[in-house]
Amino acid sequence: MLKGKNIPLAITFTVGLIMIVSFFIPHRPFGDIEQISLKWYSIIAGFTMLLGVDSLLGLHFRKVKRKEENWIHSIVLIAGFVMVVIAGVWGTIQYGSAFDERSFFTYIYNYFIVPLQSTMFSLLAFFVASAAYRAFRARNVDAALLLITAIIVMLGRVPVGELISPYLPKFTDWIMEVPQMAAKRGIGLGIYLGALGVSIRIILGIERSYLS
Amino acid sequence: MATTIGIWIAAGLTLFIYSFLYKDNPFYKFAEHLYVGITAGYWLIYTWAYTIQPMLLDPIIKNKEFILIIPAFFGVIMLTRWFPSISWLSRWSIAFTVGIGAGLGVTGSIQGFILPQLKSTILPLTGLNFATFNNLLIIFGVFTTLVYFYFSREHKGLLGHTAKVGMTFIMIAFGASFGYTVMARISLLIGRIYFLMFDWIGMMFGK
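Line by line, the protein sequences are chains A and B.
This note's numbering numbers the first residue of the first sequence as 742 and each following residue consecutively.
This note's numbering numbers the first residue of the second sequence as 703 and each following residue consecutively.
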């Protein structure tokens, strides 16, 4: 009975229904339910962080134990993790918050995380360029349209675009505000109608894949 | 001194990552694994500092908000996944969070997106001017894009032609999004090169 799916389905139904009902009754205590449940959601999600960390570290500890390929790098990962956690705990003890400007934790953020993250994403500039070469070869009208729009938008957003033609930045704005926005809105409506349908299916217990 | 060491570390890690442009190598792998490790640690501390402590522990200990024991209970039973014999309990937490998500999905979708976007699409078509042309194009674009995603009938005849027009709008939107993404990445690249040239090399030459 307890191990089955009936209790989880009842929880989902009740919580989902309360959320919907609270939307239509903007008075206490219903009016506050949305904010409270978002807070509760964050708290539960906070605990799942431990599961994620356990999974990541477990994988790399196994790699080190079995001396699998690149196991030395797994040590780097574990050492990096331990260093940051120690710095965070130490910063909290020393300054009251790990995020204090003077803490080693903030130092790690500024000189390790920020450069690593921005460099990693900037690396994509090169790969996006090579992917664009392969994807944008104008094999048909649709691909040509994609290519032309991308080029216009890129040129319209840099000073050289204005040098080519003063109308180019204006044309870029028009693309973004009219045809691009129309398609984006159409796609968005499709996504949100789909989300609405899935949400109703989940609340009613028709969609149960999240429990398997 | 600490800043100088920090800039050297940042520059070294930047070059390690860029070494991947030549080929996959141990320096890149080192930086990649370090990035994953320290980011995981950072988010763990962040979750503690901005979620668990201010939203759960402080309100319970300082304000005696014992109602928060409910999310704490669901959070703790989420961790039962570590113990196979009682891991079924974690389904309760998942059900709770999915219930919140689904409830918000219903009200949020309608109130937050569908109605406002439909309202913005119902535009005036009065007068023969450029604004009317733009409004017509938006209405037509939204409608044809929606038709493209209508799969309950085969795209043939009028439906097929309308879907084809929708496809054209979608291609323009994807092209524009792609152009924007490329520009964002190039901006980051310029930022990193600027850092290497002015902060790092500039520091070496005392500028």
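Glycine is no exception: its CB is placed at the ideal position from the N, C-alpha and C atoms.
Residue i versus the options, residue with shortest Cα-Cα distance
i: residue 827/A; options: 813/A, 842/A and 846/A; result: 846/A
i: residue 749/B; options: 838/A, 769/A and 755/A; result: 838/A
i: residue 948/A; options: 750/A, 744/A and 743/A; result: 750/A
i: residue 941/A; options: 753/A, 743/A and 830/A; result: 753/A
i: residue 897/B; options: 798/B, 801/B and 716/B; result: 716/B
i: residue 744/B; options: 911/A, 853/A, 816/A and 800/A; result: 853/A
i: residue 747/A; options: 711/B, 798/B, 786/B and 736/B; result: 798/B
i: residue 909/A; options: 898/A, 918/A and 919/A; result: 898/A
i: residue 744/A; options: 746/B, 792/B, 835/B and 825/B; result: 792/B
i: residue 883/A; options: 870/B, 720/B and 854/B; result: 870/B
Euclidean distance between Cα positions of residue i and residue j
i: residue 772/B; j: residue 790/B; result: 18 Å
i: residue 763/A; j: residue 755/B; result: 27 Å
i: residue 888/B; j: residue 924/A; result: 25 Å
i: residue 752/B; j: residue 730/B; result: 32 Å
i: residue 829/A; j: residue 795/A; result: 18 Å
i: residue 877/B; j: residue 838/B; result: 21 Å
i: residue 706/B; j: residue 857/A; result: 17 Å
i: residue 953/A; j: residue 860/B; result: 42 Å
i: residue 890/A; j: residue 902/A; result: 14 Å
i: residue 781/B; j: residue 806/A; result: 25 Å
i: residue 728/B; j: residue 802/A; result: 19 Å
i: residue 819/B; j: residue 919/A; result: 14 Å
i: residue 773/A; j: residue 835/B; result: 45 Å
i: residue 709/B; j: residue 902/B; result: 6 Å
i: residue 872/B; j: residue 756/A; result: 37 Å
i: residue 832/B; j: residue 815/B; result: 27 Å
Contact set between residue i and chain A, taken where Cβ atoms lie within less than 8 Å
i: residue 863/B; result: Those within 8 Å of residue 863/B in chain A number zero; the least Cβ separation is about 14 Å.
i: residue 662/B; result: Residue 662/B cannot be examined here, being either before or after the span of chain B that is shown, 703 to 909.
i: residue 778/B; result: 788
i: residue 720/B; result: 860 and 864
Closer than 7 Å to chain B by CB, residue i
i: residue 787/A; result: yes
i: residue 771/A; result: no
i: residue 781/A; result: yes
i: residue 904/A; result: no
i: residue 829/A; result: yes
i: residue 802/A; result: no
i: residue 908/A; result: no
i: residue 923/A; result: yes
i: residue 814/A; result: yes
i: residue 796/A; result: no
i: residue 836/A; result: no
i: residue 847/A; result: no
i: residue 744/A; result: yes
i: residue 900/A; result: no
i: residue 841/A; result: no
i: residue 822/A; result: yes
i: residue 856/A; result: yes
Contacts that residue i makes with chain A (C-beta to C-beta distance below 7 Å)
i: residue 834/B; result: Under the 7 Å cutoff, chain A gives no residues; its nearest Cβ is about 12 Å from residue 834/B.
i: residue 891/B; result: 863 and 866
i: residue 773/B; result: 781, 784 and 785
Any chain A beta carbon closer than 7 Å to residue i
i: residue 787/B; result: no
i: residue 819/B; result: yes
i: residue 908/B; result: no
i: residue 794/B; result: yes
i: residue 782/B; result: no
i: residue 790/B; result: yes
i: residue 887/B; result: yes
Per-residue contacts from residue i into chain B (C-beta, under 7 Å)
i: residue 757/A; result: 801, 804 and 805
i: residue 926/A; result: 819, 823 and 844
Where residue i meets chain A, residues with beta-carbon distance less than 9 Å
i: residue 762/B; result: What residue 762/B touches in chain A: nothing, since even the nearest Cβ is about 11 Å away.
Chain B residues whose Cβ lies nearer than 8 Å to that of residue i
i: residue 753/A; result: 797, 798, 800, 801 and 804
i: residue 826/A; result: 743, 746 and 747
i: residue 947/A; result: Correct list: empty, because the minimum Cβ distance to chain B is about 11 Å.
i: residue 817/A; result: 732, 735, 736 and 739
i: residue 929/A; result: 815 and 819
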